[in-house]
């Protein structure tokens, strides 16, 4: 599997993921890849990040990390049962 992100401004990192993406592996991606990308692309901390409601995305440790970094970028809510909102699926 490959994890990736993009924004209006640029393509973000593509991260190969072996096996199942659990909350610890996802947190590593967020902290090591998403955080520096957002800081570079949105240096004034005005970026927004959106993720679906996958179990690893809404785990306690991931939510806590986003709460600790809420001044750096906004985490947008994802409505339940809304698969059509995922632009990544259409690439």
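Numbering (my numbering), first residue to last: 450 to 540. Using N, Cα and C, we set each Cβ at its ideal position, and we do this for glycine too. Since this is a predicted model, take the numbers as computed values, not measurements.
N- and C-terminal bounds of the alpha helix (DSSP H) containing residue i
i: residue 452; result: Premise fails: residue 452 lies in the beta strand (DSSP E), 451-455, not in any alpha helix (DSSP H).
8 Å Cβ cutoff met for residue i and residue j
i: residue 488; j: residue 514; result: no
i: residue 505; j: residue 460; result: no
Buried versus exposed, by CB contacts within 10 Å (16 or more), residue i
i: residue 476; result: buried
i: residue 496; result: buried
i: residue 458; result: exposed
i: residue 450; result: exposed
i: residue 483; result: buried
Beta bridge counterpart(s) of residue i as assigned by DSSP
i: residue 465; result: 451
i: residue 460; result: 455
i: residue 524; result: 498
Problem - Every unbroken alpha helix (DSSP H) within the region 472-522, with a cutoff of 4 residues, ordered by chain - result: 472-478, 484-490 and 509-517, all fully within the region 472-522.
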